[in-house]
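Q:
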Amino acid sequence: MRQKMGIFIGLLLVVLGAVILYLAIPYSPTRKAFQKDLAAVQDAQGIQAQASLDDHRREHFTKEDFADLPLAIQKYLEGCGYLGKPKYGQVKMAFKDVAFAQGREGKPLKINYTQYNFGQEPVRVALIQSSLFGIPFEGYDGYRAGRGQMKGVVAKAFTIFNQTGPEMDQACLATYLAEALFIPSSLLNGLIEWREISDYEVEARIHYQGQTASGIYTFNQAYEMVAFTTQSRSLAESDGHYTPMPWTARCGNYQVNAQGIKHPTTLQAIWNYPDGDLVYFDGQDAKFSYDQIDD
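Take the sequence shown: its position 67, counted from the start at 1, is 67 in the UniProt record's numbering, and no numbers get skipped.
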């Protein structure tokens, strides 16, 4: 009996050790899927080919490219240094130690968030990395071919949520629109309609794959984009239903990166509940880079 118990305990320790080792190694199916999709999009949109060229051999943004856009958008693009730069097709935005709240109750989770947005067509892919009590938590937030998805995986193997459907498709398109000014080539593909509201406010409406999303950009007196508000997103409830909810993205503390582009380093995503706002994504010290292929 003691011998059998010893064998059982030994096997249990071996299994436990294997699990701990698996959780500790860098490999994860979620990250692999993200990297595979990212490479496919980069190839389809010609990012790798463009990134291999010297800047002087590439097409560059000109003032004439944006002459038909609202004046506030033109001033934003000029002030942020895009004119005269290569016609970037991809922007990478990297955040570390983001305070991320999954609901109105409980302590926010600290996450690392890495996203890529593309200009030729509306595509956005993002990888979330964190841990819960030492156990890896990962997320894949994506919008491709008109389909949106938000997936969460714990311990590299167990999917705890996987949100898809028409509401998620529209929500992801609205998010893409909120970030469109960070990749100006997206403003040249003919998918966005514009309406000037005031000197510092512009309404935008994007149509793609049978979906429509809209929102309002707000600029400060330096023509830095500081907010985007939309009614085109819905909040996913715990029972799987979606509730339409106003949503705001705020950004600020603009700084110039190594490529000479001025961009925000603080970004917040906010659900505007009737009884008060929830800042569920609070990103600080964001790093922006354009058309760079990671090893």
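We put the beta carbon where it would ideally sit given N, CA and C, even for glycine.
Would you call the stretch 166 to 174 and the stretch 145 to 152 touching, i.e. three or more CB-CB distances under 8 Å?
A: With the cut-off at 8 Å, the stretch 166 to 174 and the stretch 145 to 152 touch.
Q: How would you write the range of the alpha helix (DSSP H) that threonine 30 sits in, first residue to last?
A: Position 30 of the sequence shown, counting from 1, holds the residue named residue 30. Start and end: 29 to 44.
Q: Should lysine 85 be listed as close to the ligand ATP, given that the test is whether its C-beta is under 8 Å from any heavy atom?
A: Of ligands this structure carries none, so the ligand ATP is not represented either.
Q: Compute the Euclidean distance between the alpha carbons of glutamine 231 and glycine 139, then round it to the nearest angstrom.
A: The sequence position of residue 231 within the sequence shown is 231, counting from 1. The sequence position of residue 139 within the sequence shown is 139, counting from 1. Using only the alpha carbons, I get a separation of about 25 Å.
Q: Assign leucine 12 to one of three DSSP states: helix, strand, or coil.
A: Position 12 of the sequence shown holds residue 12. Only weak support exists for where leucine 12 lies, its pLDDT of 40 falling under 50; the coordinates are left without a value.
Q: In this structure, does DSSP put glutamine 255 in helix, strand or coil?
A: Locating residue 255 in the sequence shown gives position 255, where the first residue counts as 1. Three-state result, glutamine 255: strand.
Q: State the Cα-Cα distance for the pair aspartate 282 and glycine 252, rounded to the nearest angstrom.
A: Locating residue 282 in the sequence shown gives position 282, where the first residue counts as 1. Locating residue 252 in the sequence shown gives position 252, where the first residue counts as 1. Rounded to whole angstroms, aspartate 282 to glycine 252 spans 12 Å at the Cα level.
Q: So, with DSSP's three-state summary, where would you put tyrosine 88?
A: The sequence position of residue 88 within the sequence shown is 88, counting from 1. The answer is coil: DSSP assigns tyrosine 88 none of H, G, I, E or B.
Q: Taking just the CA atoms, how far does leucine 191 sit from isoleucine 183?
A: As a working mapping, residue 183 is identified with position 183 in the sequence shown. As a working mapping, residue 191 is identified with position 191 in the sequence shown. Computed Cα separation, rounded: 14 Å.
Q: Buried or exposed: where does glutamate 179 fall if 16 or more other Cβ atoms within 10 Å of its Cβ makes it buried?
A: As a first step, residue 179 is located in the sequence shown; it is residue number 179 there, counting from the start. By the neighbour-count rule (16 or more Cβ atoms within 10 Å), glutamate 179 is buried.
Q: Relative to the alpha-carbon of valine 256, which residue among Gly119, Leu278, Phe228 and Lys287 has its alpha-carbon at the smallest distance?
A: For this step, residue 256 is matched to residue 256 along the sequence shown. Cα-wise, what sits closest to valine 256 is Lys287.
Q: If you follow the alpha helix (DSSP H) that alanine 174 is part of, which residue opens it and which one closes it?
A: Along the sequence shown, one-based indexing puts residue 174 at 174. It spans 166 to 178 - the alpha helix (DSSP H) in which alanine 174 sits, taken as one unbroken run.
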